[in-house]
Structure formats: C-alpha cells, structure tokens
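Report on the structure given below.
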Amino acid sequence: MTKEVLQPLAKPVYGAGGPTGTWRSQRPVLDKEKCTGCLLCWIYCPEAVIAREDRAIDYEYCKGCGLCARECPVGAIAMIREGEEA
Amino acid sequence: MSREIATGNTACALAVKAANVDFIAVYPITPQTTISEKLADYAAAGELTGKYLTVESEHSVMSAVAAAAATGARTFTATSSQGLLYMHEILHYAAGGRLPVVMVNVNRAVCAPWCLYADHQDSVSQRDTGWLQFYCASHQEIYDSIFLAYKVAEQMEIPVMINYDGFLLSHSMLPFETLEQEVIDSYLPARQPAWRLHPQWGGTFSNVAGAAEYAAYRHKLAQDTLEALPVIKAAIAEYEELTGRPQPGLVQAGSKGGQAGGTGRTGGEGQADSESQTGGESQAEVYLLSMGSMAAEMELAAAELTKQGIPAAALKLRIYRPFPAEELAALLPAGSTLIVLDRNLAYGHSGGALLMEARSALYNSGKNIKIAGSAVGIGGQDLPVSLLIEEIRRLLEVTKS
Amino acid sequence: MLELRIHGRGGQGVVTLAELLAKGAVKAGKEAQTLPFFGVERRGAAVKACVRIAEEPILLRSMSYQPGYIALMQENLLPYAKLEGFGQDGTEPVFIINGKELLDVAAEQWLVDAEKIARDQGLVFGGEAYINVPMLGAVARVMGLSLEYVEAAIREQWPGKKAEPNLAAAKAAYEKVEKVEMAEKAETVEKAEKGCGEE
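Protein sequences, first through last, are from chains A, B and C.
Per my numbering, residue 519 is the first one in the first sequence, and the count goes up by one each step.
Per my numbering, residue 42 is the first one in the second sequence, and the count goes up by one each step.
Per my numbering, residue -12 is the first one in the third sequence, and the count goes up by one each step.
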C-alpha cells in the first residue's frame, strides 16, 4: 500500500512565480561585440535568467534588477528603460 | 476627542502612548511589527512616559514585561502567531504570578505551512494559560480595548490579551475617535499594586510551592478569572459614562440589519439596504455568533438573510476569556438556532473553539437551542458576505437533518 | 457606498494612494476604509488595495470583487484586474488608467498621463516617477471627491514645502483626467488566464 504524501512540500520550478518579467521598469541589453564570455553576469544573476552558453537573457522572468550590468567588467550590458529603444 | 483615520496598529499604538505605560518590550513579527515601529518612533521622539526595551526574542519579551509588572510597572507588549507561541511558557508564568501585563496579539495563522494571514489559531491555543482574552472587530474597539484592558488587568491582577485580525484590521484604515488625555488619566490612574518586587523588600517571588499551596493559588486564579466578568462589565460601563461612547457588551447583538450601499457605484449589489433591517433581535430566529473582524461583516450577512426570508441577527463575541456564557444564553430566545463560525480549528472536534464554548454554555440553558458551526477564513481566506451566507445556509440545513 | 480597487506594482505607492484618498474622504465628513492586500511586497510585483467610501460606518472586512471603480497604475495590469474579478451581472466598473490609449474592455474609461504630470513636477526618484499623487487627483475627480479634501490630505502627509509639487501634480491630474469614448464597443472581457501567474 502506498501512502499519500500529507506534508506541505514544494520544489523549485522554473517560473513558478509567474512571468516576473512584468515587474521590470528597465531591461538589460547585452552587446555581444563587447562580451568576453567571463560569465560574471551568469554567476551574479539572482534569477538565473542568463544562459551560460550564449548569455541570452530570458525577458519573461528577468525582473530588471540591473546586477548584471553593474557587475559586467567590460560594460557590455546596458540598462534601457522599458518602452525605449536600445 | 478627535476623529482620525489610521491603521489598526496605529490606533493601538496611539492608545498605548496615551495609557501612561511604564515599560514596553516588543520583538517584531508580521503583522504586529508596525506597532513596535510606531512605539519606537514615539520613544525616539520622547513622547513615551515609559521605557522601551528591544530584546532578542518573544520568550525574552514576555519574561521582561512580566518581571517589570512584578516591580509594579504598567507594561505593554505586542506579538503575533509564532511569537505568541514562543511566549507560551511565560504566559502561564505571568497569569500564575498574577502580573497584569497587557498584550496585543495581532491574529495570524500558525506554521506549518508558513502563512502570514489572519486566523485565531494562535490565540485560542493559549486559552488555558489563565489570560483574559478580548477580540476586536473595528479600530474603535482596538483603541478602546487598550484602556479597558489595563482597567481590568490591574484591578484583577490578571494579564489581558487583546486580539485583532492581522491585515484585515492591523493594516487596513478605518476612522476612530481618540480621547483627551485628561479623560484617559481619570479613567486610568497610576497603577496601585498591593505588592511590588523591590530590592529593599528583600523577598523572593514565585518560589517552589507544595501541592496544597500551589492548588490554592491556581484555584484562586480560576475563580478570579470568572469573577472578572462583572469587573469587565463595570469597566465598560464606566468607560461609556466617561466618554459618552456606547461600547459593545461582552457578547453583543448586531445593532442593525445592514447598511446602505454595497460594492458598486450606486450601491446595492449583494448588500442589504436600510429598509431590510432586522427590526430588533426579538424577531430573529437564527443567530450568528463569531469573533474578530468577521463579526462586523456578520451584521451584513444577518441583514441579507433577513431580506431572503430568514430572520437573522449577528452576535459579536468581544470577551472570549472569561466566556460570557450567561450573557450569550440571555440573548437567545427558546427554540432559536445558533450558527457559530470560527476562524480557528478545534482539532479532534468539529468546527472551532467558539462552537465548543457555545455548546457548553447553552447545554444547561433549557432553551432547546439548535447549534451548528464550522471553521471558515482559515489562513486569512477572504470572507465576503456571499460566502458567509452560503456557509450559514449550509449549516442551517445541517440543523434540520 | 463607493468602492475602488487599485492595481499597481510594488514601489508605485499604491498603499499611500489608498490612504490619502481615504483620509480625504474622512475630511469630507464621510466614512472610509482602506484594505491593502499584502503578499508580494517586492518592487515591481503586482499589488492591489481597496478603498471604500460611505455615508454610514463600514462593516465589510473582505476584499472587493465587484468594485464600481478600478484604477490601473499601468496599462499592463489589466490582466490582474480581470483575474480579481469585475463586471459580472452587467455592472461594469469605471476605469481610471495611467496611460494614453483605451484598453480593450467594454467599460467607461478615464485616461490620465500620470507619468508625465509627475515628471513635470519633478516627482522623480531613482529615475522613476511618483505616479501615485497624480493618480490620487484623477481618482478623486472621477469618484466625485472635491479637490480641497485631497489637498488637505496631501498637506498632512507632506508638511511644509514638500507638499507643493504634490499639490500641483494632484491638481493637474484632477483637471486633466479625461473620459474617452470608445469608437466601437470592445468585446466582452473574458476571464484572464495568462499573464498573472501564481503571485
């Protein structure tokens, strides 16, 4: 007989908090020409929305905190106001 | 007297500031935190008569205020949920030591799982600590209860816990009237303890007691807790006379069947209008008992049910400990039906704590009252009037079967 | 009873807007209640608050599901307003929107560029405009609360010189908020399923 799990359990799920990209007022935009691939942005991103392979940013969940832009040692990431062109 | 609109926690802090409290110790916890912040602001601005102590936990908080009360000080603290549970050991100590601490508990669900919102599990699970427990349904009741609590606590030398719902009252804004300082001072003169802990007195406090001695102290506390009922009534009457402000009784029948307006622009939707008032409690056949913020909304539910052809009246329980059993029985006509909605769960029993209390209080009343109840609003589940009515109608069917 | 539900984002001053409106209503001799919903108190996350204004003491202690008025601090909050519910039984709410274009809802809509009004008055912090004060002016106008009471509430909130840009912003929005007629009636709103998540 298998027992039903009664405990209040939870596991991290990608995007469980909803599309948190709507929280953003500014978005990070990566200049791939300047990027050296040091991966500091990937390490620092608190939302883990920067891909390791190509540093693509998942704007569906990026909250626009700006940590990546602040940490980038070569200034390859700019914070652009939403609604404005990069 | 001035009319203000502020949050429930601000109403609480304003009253505490005015109550000439000698000693305050608070540890922050949601949703109580803004009380501790407001009081700290007053302390920093030099507006508090007493001392404000920051401590490292709720267990220390209750130890500090109980000890301060033993020295003859008028003391205050506030907490919620896990904070109240952490105080549990010293709650017994404060009541057993006959130390008239006044504490506000901003009601919040208890873990697990973790939850920030209102229910009464935290306070009803402290039922047998010997503390008196008041519940509030409005900001005016929060403000007024602070003064009533000190009056009763210091006369009976029993601590009082004032409870009100987290967020629904603590963080919402509602208007209330404050009192002039002279009025408060005349209602609440400086505390006059029969005894106080002091180095020059040279004795000790709460030493080891044998069974006979211990039992005598504890039976006396149990007896005095019951005798607090007339004391609370007298304190309410004196407050009414002094302020000219009518106060709800220990258990209060709804003053009206409903209010004009509802949720729309022009009012009306889902709400009773003024012509459908219950027209006096004597006409009601169904009585709706609850405590906390839900008790205010139950007046609207009663009005709506009356409109739907079920003459109903709301009963708001203001004092949970001591339980006003006779007062409740007196409000209920023979053969009537009592529906009890609890915002807590009585595990191992149906419904919640208030349902058990009501059944026990009415068992020997000889009035043949049908009773049913359930637990709603757990963990802050929102309770719109429509949901209350749905649940009441379901319970009415239960009483018929 | 008048009932307003405000949808905004953490950091936009939704709770302050609700409180100032309620304070203004009490100054006008009315009964009022604010009922903020706390949960995601994070900058940028969707937040909401209710305000009730009545002639008699307010006994409701629950959130508002069919408000007569809905204020949107940002156009992209419409899905949250839909999720929370409105407009059943033909009682469409009046919308007061910080924005320039009509939203796709079959309801009366008032538009105000609160962002521009705030920036014009220098109500900017960290690059973000304080839109709650102009929205207060706009909401008061649409709900029929006289500007003088709003001004009194603002003066109480920000004593001295700090009140001035706030008073100017509230007044500008009070005057500029505009009811915009729809060219054609939009389709009836369907309950939003996407765009809100589990917040």
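Backbone N, C-alpha and C define an ideal beta-carbon position, used for all residues, glycine too.
Model, not experiment: these values are computed from the prediction.
Which of the residues in the stretch 13 to 39 of chain C, read from start to end, lie with their CB under 9 Å from any CB of chain A? Flagged, chain order: V27, R29, R30, G31, A32 and A33.
What do you reckon, are the CB atoms on V81/C and K163/C nearer than 9 Å?
Here residue 81/C corresponds to residue number 94 of the third sequence, with the count starting at 1. Here residue 163/C corresponds to residue number 176 of the third sequence, with the count starting at 1. For V81/C and K163/C, no; Cβs fall outside 9 Å.
Looking at chain B, is there any beta carbon in it that lies within less than 9 Å of the beta carbon of K10/C? Sequence index remark: in the third sequence, residue 10/C carries index 23 (1-based). Yes, because at least one Cβ of chain B sits closer than 9 Å to the Cβ of K10/C.
Would you verify that the beta carbon of G582/A is, or is not, closer than 9 Å to some beta carbon of chain C? Locating residue 582/A in the first sequence gives position 64, counting from the first residue. Taking Cβ atoms only, chain C reaches closer than 9 Å to G582/A, which makes this a yes.
Exercise for review: Would you kindly report the start and end of the unbroken alpha helix (DSSP H) that includes S77/B?
Suggested key: The sequence position of residue 77/B within the second sequence is 36, counting from 1. S77/B -> alpha helix (DSSP H) spans T74 to A85.
Considering only the beta carbon of each residue, do V145/B and T120/B sit closer than 9 Å?
-> Walking along the second sequence from the start, residue 145/B turns up at place 104. Walking along the second sequence from the start, residue 120/B turns up at place 79. In terms of Cβ geometry, V145/B and T120/B form a close pair [threshold 9 Å].
Please report how far the alpha carbon of G305/B lies from the alpha carbon of N204/B, in whole angstroms. Locating residue 305/B in the second sequence gives position 264, where the first residue counts as 1. Locating residue 204/B in the second sequence gives position 163, where the first residue counts as 1. Because G305/B carries a pLDDT of 40, less than 50, the predicted location of this residue cannot be relied on, and no value is offered for it.
| request: Could you work out which residue in A81/B, E218/B and V165/B is closest to G285/B when comparing CA atoms only? | output: Start at 1 with the first residue of the second sequence, and residue 285/B comes out as number 244. Minimum Cα distance to G285/B is reached at E218/B.
Q. By Cβ distance, which residues of its chain are closer than 6 Å to T170/B, with the 5 residues on each side in sequence left out?
A. Walking along the second sequence from the start, residue 170/B turns up at place 129. L132, H133 and A136.
Practice problem: Kindly list, in the order they appear in chain A, the residues whose Cβ is closer than 9 Å to that of N119/C. | Solution: The residue given as residue 119/C occupies position 132 in the third sequence. Correct list: empty, because the minimum Cβ distance to chain A is about 15 Å.
Under 9 Å between beta-carbons, which chain C residues line up against D560/A? List them in chain order, please.
Counting from 1 along the first sequence, the entry for residue 560/A is found at position 42. Note that residue 560/A is Trp in the sequence shown, not Asp. Result: empty, since nearest Cβ-Cβ is about 22 Å, beyond 9 Å.
Q) Could you give the distance in angstroms between the alpha-carbon of S247/B and the alpha-carbon of A108/B? A) By one-based count along the second sequence, residue 247/B stands at place 206. By one-based count along the second sequence, residue 108/B stands at place 67. Their backbone Cα atoms lie some 11 Å apart in a straight line.
Which whole-angstrom value is the C-beta distance of D63/B and G91/B, which I expect to be below 8 Å? Translated into positions along the second sequence, residue 63/B becomes position 22. Translated into positions along the second sequence, residue 91/B becomes position 50. Between G91/B and D63/B the Cβ distance is about 4 Å, and since that is below 8 Å, they are a contact.
> So with Cβ pairs under 9 Å, would you call E138/C a contact of chain B?
Replying inline: Within the third sequence, the letter at position 151 stands for residue 138/C. Not a single CB atom of chain B sits nearer than 9 Å to the CB of E138/C.
With 16 other Cβ atoms within 10 Å as the buried cut-off, status of G582/A
Position 64 of the first sequence, counting from 1, holds the residue named residue 582/A. It counts as buried.
Practice problem: With 9 Å as the threshold, decide whether the Cβ of M169/C is near any Cβ in chain B. | Solution: One-based indexing of the third sequence puts residue 169/C at position 182. Closer than 9 Å: no.
- Message: Alpha carbons only, please: which of L(-9)/C, L(-11)/C and G11/C is nearest the one belonging to R142/C?
- Response: Sequence index remark: in the third sequence, residue 142/C carries index 155 (1-based). The residue with the shortest Cα to Cα distance from R142/C is G11/C.
Do P141/B and R232/B have their CB atoms nearer than 9 Å? In the second sequence, residue 141/B corresponds to position 100, counting from 1. In the second sequence, residue 232/B corresponds to position 191, counting from 1. For P141/B and R232/B, yes; Cβs fall inside 9 Å.
message: Measuring straight from C-alpha to C-alpha, what distance separates P539/A and E578/A?
response: The residue given as residue 539/A occupies position 21 in the first sequence. The residue given as residue 578/A occupies position 60 in the first sequence. Residue identity differs from the one stated: residue 539/A is Gly in this sequence, not Pro. C-alpha separation (whole angstroms): 5 Å.
Is A361/B helix, strand or coil by DSSP?
Locating residue 361/B in the second sequence gives position 320, counting from the first residue. The question names Ala, but residue 361/B in the sequence shown is Tyr. Note: Y361/B maps to strand in three-state DSSP.
Margin query: In whole angstroms, give me the CA-to-CA distance for E522/A and P530/A.
Written below: Translated into the one-based positions of the first sequence, residue 522/A becomes position 4. Translated into the one-based positions of the first sequence, residue 530/A becomes position 12. In a straight line, the C-alpha of E522/A is about 21 Å away from that of P530/A.
Which residues in chain C have a C-beta closer than 7 Å to the C-beta of P425/B? List them in chain order. Locating residue 425/B in the second sequence gives position 384, counting from the first residue. S49 and Y52, listed in chain order.
message: For D549/A and A596/A, I'd like the C-alpha separation in whole angstroms.
response: On the first sequence, position 31 is the one that residue 549/A refers to. On the first sequence, position 78 is the one that residue 596/A refers to. The alpha-carbon separation between D549/A and A596/A amounts to approximately 8 Å.
Margin query: Tell me the residue span of the beta strand (DSSP E) that contains N405/B.
Written below: To locate residue 405/B, count along the second sequence from 1; it is residue 364. Segment: none, N405/B is in no beta strand (DSSP E) and carries neither H nor E.
Below 7 Å on C-beta distance, what does N85/C contact in chain A? Reading the third sequence from its first residue, position 98 is the one you call residue 85/C. None at all; the shortest Cβ gap to chain A is about 13 Å.
According to DSSP, H161/B sits in a beta bridge with which residue or residues? If you number the second sequence from 1, residue 161/B lands on position 120. BP columns for H161/B are empty, so no partner.
inquiry  = Buried or exposed for V592/A, going by 16 or more other Cβ atoms inside 10 Å?
reply    = On the first sequence, position 74 is the one that residue 592/A refers to. Exposed is the call here.
Problem - Reduced DSSP secondary structure (H/G/I, E/B, other) of V381/B - result: Locating residue 381/B in the second sequence gives position 340, where the first residue counts as 1. V381/B falls in the strand class under three-state DSSP.
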